[in-house]
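Undergrad:
Chains as they are written, first to last, in my numbering: chain A, 1 to 113; chain B, 1001 to 1114.
1. By the three-class DSSP mapping on this structure, what secondary structure does residue 27 of chain A have?
2. Roughly how many whole angstroms lie between the Cα atoms of residue 65 of chain A and residue 4 of chain A?
3. For the stretch 1012 to 1020 of chain B and the stretch 98 to 109 of chain A, state whether three or more C-beta atom pairs, one from each stretch, are separated by less than 8 Å.
4. Compare the beta carbon distance of residue 61 of chain A and residue 47 of chain A with 7 Å and say whether it is the shorter of the two.
5. Name the residues in the stretch 46 to 58 of chain A whose C-beta lies less than 8 Å from a C-beta of chain B; which are they?
6. If you draw a straight line from the alpha carbon of residue 1027 of chain B to that of residue 87 of chain A, how long is it in whole angstroms?
7. Would you mind telling me which residues of chain B sit closer than 8 Å to residue 12 of chain A, beta carbon to beta carbon, in chain order?
8. Please identify the residue among A/91, A/6, A/10 whose C-alpha is closest to the C-alpha of residue 108 of chain A.
9. Pull up the distance between the alpha-carbon of residue 57 of chain A and that of residue 1082 of chain B, whole angstroms please.
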């Protein structure tokens, strides 16, 4: 069973701080990694995708990937109350015809004004 | 313009009934998916179609039957609904083969079984 693990939280940070969200995965051959944000009662919304080791920055968001350690993280700089949501890590499984995305259970982030 | 649209948005029905959920995408994507998100917010793949061909069929009761009349549509029919079927069902689509590209989600169908 290929797994994606996230700390369920809640993670609480003050406004303006850096929020750090972590995700580990079990399938060493995984190649594609995604972060989705889901507001309560809404659908998941793609924030970042990352495919190679290192950092990828997009505005206040930075995704970090370390395939050797099998972890991917999301940093949110200058956190805003509007960033309060559940963040889902998703990993594309490798091998054969198993093309599915496996989602973690999500980390609930609360940004306090 | 809505990229991935699902109908209905809410579905309240009694145990034992049969119901369908429809999904359409106007993104020109090749692949469509059905996910189930339970009360604990765990999002799990059910089915995936690529160009109308079933690619992924997870361990789902055979009461659930997907159908893709064309690559822009993926419907989900559920027979003999059970209490445990209560969840939010999301349709999604992506470009290219399943899994490798970002997926775009519909707004979800909230299914409640009485």
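Ideal Cβ placement from N, Cα and C applies to all residues, glycine included.
TA: Once the coordinates are examined:
1. coil
2. 14 Å
3. no
4. Taking 7 Å as the Cβ cut-off, residue 61 of chain A and residue 47 of chain A qualify as a contacting pair.
5. 46, 49
6. 24 Å
7. Going along chain B, no residue has its Cβ under 8 Å from residue 12 of chain A, so there is no contact; the nearest lies around 18 Å.
8. A/10
9. Across the structure, residue 57 of chain A and residue 1082 of chain B are spaced so that their CA atoms are roughly 45 Å apart.
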